[in-house]
Amino acid sequence: MPEAEGSQAQNQSQRPNRGRNHGHRRGRGGKTRQLVDGSRSGGASAPSQSETSQSQTGSTATQRQIQASSEAPARSIPDGSNSNQRGRDRRPRGPRQVGRGSARHDAPRSFAHRSFGGHLTGVSGEAGDSAVSAAPSLSADAPEFVPGKPLVTRSKPTKPKTFAKPQVRLPKSTAEDLGTRIHEDIRNFNYECAICTDDVVRTSHVWSCTLCWTVVHLKCVRKWYDNQKKQTDLQPSEPRQVFTWRCPGCNSKLSDDPGSYHCWCGKDINPHPAPSSLPPHSCGQTCSKPRPTCPHPCPLQCHAGPCPPCGLMGPTQSCFCGKNESRKLCRETDYENGWSCQETCGDLLPCGEHFCSKPCHSGLCGDCDMTVDAKCYCGRVEKQMPCFEREEPQMSYHIADQSWFDGTFTCDRLCERSFDCGIHKCSESCHPQEEQPAHCPYSPESVTHCPCGKTPLGELLKNARVSCEDPIPHCEEPCHKKLPCGHLCASKCHTGDCGFCNETIEVACICGRTRTRSVCHQGNVQSPMCMRICQANLSCGRHKCGEHCCAGEKKAAERQAARRKHKLPSEVTSIEAEHICIKTCGRQLKCGSHECQQICHRGPCANCPEAIFTEISCDCGRTVLHPPQPCGTRPPDCRFNCLRRPSCGHPSVEHNCHAGDISCPKCPFLVEKWCACGKEKIHSQPCHLQEAHCGRVCGKKLKCGLHSCKKLCHRPGECEDANLSGKRCEQACGKTKLFCEHPCQNTCHGQTACNESSACTAKAVISCPCGVRTQEVKCLASSSNATPSRIEIKCDDECLRLERNRRLAAALNIDPTSHQNDHIPYSDTTLRLFKENTSWAETQEREFRVFAKSPNEVRLRYKPMSTTYRQFLHVLAEDYGLESRSEDIEPYRYVVVFKGTRFVSAPSKTLSQCIKIRAAQAADAASAAASRAPSPPLTAQDPFNGFLLTSPRFGLTIDDVKTALNSDLSTQPSVHFEISFLPSDEVLLRATTSYSSFLSPPALEQVLISLKPRLARTIQGSDVAGKVFLCHVDSAGHVARRDDVSKTDASGWSAVAGRAAAKLDTAVEEAPRTTGRRLVGLRKKKIERERSWTHELDGDVEC
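Residue numbers (UniProt numbering): 1 to 1103.
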């Protein structure tokens, strides 16, 4: 082991000679490697030394010597020093101060070695150092050169002369855990390779044993592995086994080859040397190695040595009987075997009578071994026996006691109970008894035929038998009793045993495939041999038997059938002797160039024993393994990027070179793809995705014709009923039942009638006589009970109160359904901003109402938004009585709404309702203005012959228009209306007459004028379109003239409000429609409306 004291003394004695031989070793980049232990120049080794001194716990004198050696300037190395440490440390990162081929002024040099000082070659020593130091060099603080003036010499600061101190080697680490000791020893250059006894440093490629955790150089362990493999190959031929090699640290047998260089946890392959902030050869990631008896991976940073025991808590684990639970540390939890609480099990045993008395145990309780009293079926033997040995209990009659009992076993005695004749006795073994004795089997009533059973006794005897003792005669018919060989006896009716069989039989051959006619063998058949060739598989599983009439063919067939049913293990020992293969294997080995020369066998062949002497390269050819190599060696891992390009045309993802059978990483670029159902082209889909899905419901009609496919986006032909036969699906029927009008909940049965024989389980609502109180109950209606009885609900005090209010409303002539005021609790600014962005404003209004109803929420914060949106939130909060303010700066300015002292509750009307009320008020004002200022008479123009609907609803169809206006248009049966859509997105209702009384166009115009108000109310109530106008349509279908458009210009409410501002000089002032009484004859005092606070801020309310 590298930690052994004896090996350390031997290694220290060998180091001076090894240092002289490797003093001029070149490192990476061709730079001369420098010494590490305190001899590195001006501060380059100071961080590593200070780090080392801080990590060690030694004496004060040792720490002072380390600090002095780290701060000492360059000095020569005496002979006999440990020069093996030269070039083992990484060069410090940072700007290089000298170029290639030049050395620093303070660089360490070996005695009598040549050094290059930048301009001349000299001998390292005091004279050489002084010559190098005296030579001019470039510097940032050099004086300015002026032509014609003498050169100004710079004064160089004198450095204090220091004396060379002996190098100090840090002691071995004394950390508690093995991983920390390995880290500290490698960091301090105190860890030796167990093979070459050289130091293991940060820049070395290392390998660690997974059993003893010894760390050695990777090149050393590969040579160690190759030597052992060569020795094994040179040994005489023996049965091939898995190759194992010895660990150089613990001599344990290992089967895996050393592999490539990686970090401790194995995540980073061929990593760069770890920085000083990380342990040596650590990738810095989480270890995550699995533990053998724990589901939690190692949480530590990538480290050497074994992972520490798990310190987490394990899961709650029930005992075997399930009565108790326990939770322990994960390392103390037995995941495989479980645990026992040692309480009585108490489970019911298979007998069904007793309970398990064992302590809490695993597995089944087993048979009941309780000792019970048992009696045989005949009742003559009573004994105690285990409960599980009892047979099926049967009722039997005890003759001596004259009582019934339960017999549970057979005593194997003869029954010997006398039959009813009193002469013969029963010769059967113990069996359940009946109360009355059995009838004698030799009585005249029982024996009605001869011994062979073919001839009745009445044909053989003149006088019938009277007693059971009378003889039984024989007939002349053949016996035909079954012989041992299976044939029937050919002798005449007789008593006693039958003779030999003389039948001719078919005898099967040895393999059982053919048959031959022969005299009966009396049950001992001697099989002949046929010429059929056996086709059974041999033990190798590759060759056939090929023998004539093989005796093992039938066994082989049974074996193959049992193996297919997983009844026998697939082992060679189960092969019959006739089918053991003795041929040569001859299969191609893994190398692909040679064949296996062993006896034919199952399973994979061993590795190829040959070697190859050609180069083995990676897929791109930039990484090569030089010969010789074992035959079948795989191409090496390449650290260069893959040169393949994806077929999609996008740039490839950077990844290492790999074999051709391994696919490149999937293309991560986002493209547009059609979904599987073809309804939508989806954006931003990964290029490698073979099929995109839009997430919509299919919606196609199923085979049943009643339901639609509810599966999400899928390929054509993969609907819900794709694999179902018949015109049905697996959805609920949904058709309305005949007896209760609830939807049928059975599985879809197509167009057939629903089965209503069972009671309906849907919910039905019953109410009191006034309809106020309701209750949900099960419907329970069926074809046999169409009107099931239900509980009766009676009216209560609330019902009486509502009835009293209804009568009061009827007495005051008030319609409760339409009785409401037209007060608008919102400002004009709120309504204006609401109409500018209706959908977003409705969402914010819902959040305000939820916030106002919640008693626990007092503050509402919005995400950053633009000025217009913040203004709407401020004015809406003002209408609700809430406090609001804007915080932060643009573009992160947001609104905060909170409840203050002014807040009471949310307004009763929504913004949408107030918009409709404002529109109704505008319409009433417009009609009042029209009545006050009638339009001048029209000039002689073409009379109106149709209606024009503007601003139709989105998605409006002709059928929707007919349905909405049918009740109004049907009031004029003599006028027919043709509905069509104009290119200007307007709906045209052209009127035509069919009777002579309406042939006059002016008469048709009067009918349309009288019909327009009713039609306008219907359109406004059903929200079919915006406005309705009278128009004249020429023969070509063009609108030549329409109603006065100035009454409803684009300004809408502004025009109506402008005309309504001009008041009539009358005694009665028009007041808005409100509930309550009106004061007639009083002029309303003109009150100057106070300007809103939002106008003072020019629309920006803390926004």
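Quick reminder that beta carbons are idealized off the backbone N, C-alpha and C, glycines included.
> Run through DSSP, which three-state label would Gln1032 get?
Replying inline: The sequence given here has His at residue 1032, not Gln. His1032: strand per DSSP, three-state reduction.
> Glu477 lies in the beta strand (DSSP E); which residues open and close that run?
Replying inline: Premise fails: Glu477 is in no beta strand (DSSP E) and is neither H nor E.
> Is the beta carbon of residue 1104 less than 8 Å from the beta carbon of Gly422?
Replying inline: Residue 1104 lies beyond the stretch modelled for the chain, which goes from 1 to 1103, so this question has no answer here.
> Under the three-state reduction of DSSP, which class applies to Thr410: helix, strand or coil?
Replying inline: Three-state result, Thr410: coil.
> From Pro478, Ala438, Lys679, His749, pick the residue whose C-alpha is nearest to that of Cys452; which is it?
Replying inline: Among Pro478, Ala438, Lys679, His749, the Cα nearest to that of Cys452 is on Pro478.
>> Using CA atoms only, rank isn't needed, just tell me which of Gln301, Pro306, His303, Asp334 is closest to Thr316.
In response: Ranking Gln301, Pro306, His303, Asp334 by Cα distance to Thr316 puts Asp334 first.
> From His566 to Ser574, what distance separates their C-alpha atoms?
Replying inline: Between the alpha carbons of His566 and Ser574 lies a distance of about 14 Å.
> Roughly how many angstroms separate the alpha carbons of Glu343 and Met313, rounded to a whole number?
Replying inline: If you take the alpha carbons of Glu343 and Met313, they lie about 25 Å apart.
> Just to confirm, are residue 1108 and Glu986 a CB contact at a threshold of 8 Å?
Replying inline: Residue 1108 lies beyond the stretch modelled for the chain, which goes from 1 to 1103, so this question has no answer here.
>> Classify Glu353: buried if its beta carbon has 16 or more other beta carbons within 10 angstroms, exposed otherwise.
In response: The residue in question, Glu353, is exposed, as its Cβ has fewer than 16 Cβ neighbours within 10 Å.
>> Is it buried or exposed, Gly266, if we count other Cβ atoms within 10 angstroms and call 16 or more buried?
In response: Taking every protein chain shown into account, the CB of Gly266 has fewer than 16 other CB atoms within 10 angstroms, so this residue is exposed.
>> Starting from residue 1131, trace the beta strand (DSSP E) in both directions and tell me its first and last residue.
In response: Only positions 1 to 1103 of the chain appear in the structure, and residue 1131 is not among them; the question remains open.
> If you draw a straight line from the alpha carbon of Arg517 to that of Val525, how long is it in whole angstroms?
Replying inline: Between Arg517 and Val525, the C-alpha separation is close to 12 Å.
>> Just to confirm, is the Cβ distance from His361 to Phe320 under 8 Å?
In response: Their beta carbons are under 8 Å apart, which means His361 touches Phe320 by this criterion.
>> Looking only at its chain, what residues have a beta carbon closer than 6 Å to the beta carbon of Tyr261, apart from the 5 residues adjacent to it on each side?
In response: Within the same chain, and ignoring the five residues on either side of Tyr261 in sequence, the residues whose Cβ sits closer than 6 Å to its Cβ are His205, Leu218, Asn270.
> DSSP three-state call for Asn656: helix, strand or coil?
Replying inline: Correct three-state label for Asn656: strand.
>> For the region 616–633 against the region 588–595, do three or more pairs of beta-carbon atoms, one drawn from each stretch, fall closer than 8 Å, so that the two count as touching?
In response: A contact exists between the region 616–633 and the region 588–595.
>> Rounding to the nearest angstrom, what Cα-Cα distance links Gln871 and Val777 in this structure?
In response: Cα to Cα, Gln871 sits roughly 51 Å from Val777.
>> Let's test the definition: count the other Cβ atoms within 10 Å of the Cβ of Ser570 and tell me whether it reaches 16, buried, or not, exposed.
In response: Note that Ser570 scores a pLDDT of 47, beneath 50, so its modelled location is shaky; the value from the coordinates is reported in the next line. Exposed, since its Cβ has fewer than 16 Cβ neighbours within 10 Å.
> Between Leu1015 and Pro943, which are expected to be in contact by the criterion C-beta below 8 Å, what is the C-beta distance as a whole number of angstroms?
Replying inline: Rounded, the Cβ-Cβ distance is 18 Å, inconsistent with contact.
>> Going by the DSSP bridge assignment, what does Ile533 pair with across the sheet?
In response: Ile533 is bridged by DSSP to His548.
> Over what stretch of residues does the alpha helix (DSSP H) that includes Asp233 continue unbroken?
Replying inline: For Asp233, the enclosing alpha helix (DSSP H) has its first and last residue at 218–234.
> Buried or exposed: where does Ser997 fall if 16 or more other Cβ atoms within 10 Å of its Cβ makes it buried?
Replying inline: The pLDDT assigned to Ser997 is 46, lower than 50, so where the model puts this residue is not dependable; a value taken from the coordinates is nonetheless given after this. With fewer than 16 other beta carbons inside 10 angstroms of its own, Ser997 counts as exposed.
> Quick one: what does DSSP say Lys681 is sitting in, helix, strand or coil?
Replying inline: In the structure shown, Lys681 sits in a strand (DSSP, three-state: E or B).
>> Once DSSP output is grouped into helix, strand and coil, what is the label at Tyr869?
In response: DSSP places Tyr869 in helix when its eight states are reduced to three.
> Nearest to Leu488 by alpha carbon, out of Gly496, Thr495, Phe500?
Replying inline: Nearest C-alpha to Leu488: Phe500.
> Looking at the structure shown, is Leu780 part of a helix, part of a strand, or coil, going by DSSP?
Replying inline: Annotated three-state conformation of Leu780 is coil, per DSSP.
>> The beta strand (DSSP E) that contains Leu670, what's its start and end?
In response: Here the beta strand (DSSP E) through Leu670 covers 670–674.
> Taking all protein chains shown into account, do 16 or more other C-beta atoms lie within 10 angstroms of the C-beta of Gln433, making it buried, or fewer, making it exposed?
Replying inline: Buried, since its Cβ has 16 or more Cβ neighbours within 10 Å.
> Who are the near neighbours of Gly305 in its chain, counting only those whose CB is closer than 7 Å to its CB and skipping five residues on each side?
Replying inline: Cβ neighbours of Gly305 beyond the five flanking positions: Asp177, Leu178, Gly179, Ile182, Trp213.
> Can you tell me where the beta strand (DSSP E) with Leu948 in it begins and where it stops?
Replying inline: Segment 946–950, the beta strand (DSSP E) holding Leu948.
> Looking at the structure shown, is Val1007 part of a helix, part of a strand, or coil, going by DSSP?
Replying inline: Looking at Val1007 - three-state DSSP - the assignment turns out to be helix.
>> Per DSSP, what are the beta-bridge partners of Ala732 in this structure?
In response: In DSSP, Ala732 forms a bridge with Thr747.
>> Let's see if you can read the secondary structure: which residues bound the alpha helix (DSSP H) around residue 1108?
In response: Beyond the ends of the chain as shown, which are 1 and 1103, falls residue 1108; an answer cannot be given.
> On the three-state DSSP scale, how would you describe Glu199?
Replying inline: What sits at residue 199 in the sequence shown is Asp, not Glu. Strand.
> Quick one: what does DSSP say Tyr191 is sitting in, helix, strand or coil?
Replying inline: Shown here, Tyr191 sits in coil according to DSSP, grouped into three states, outside any helix or strand.
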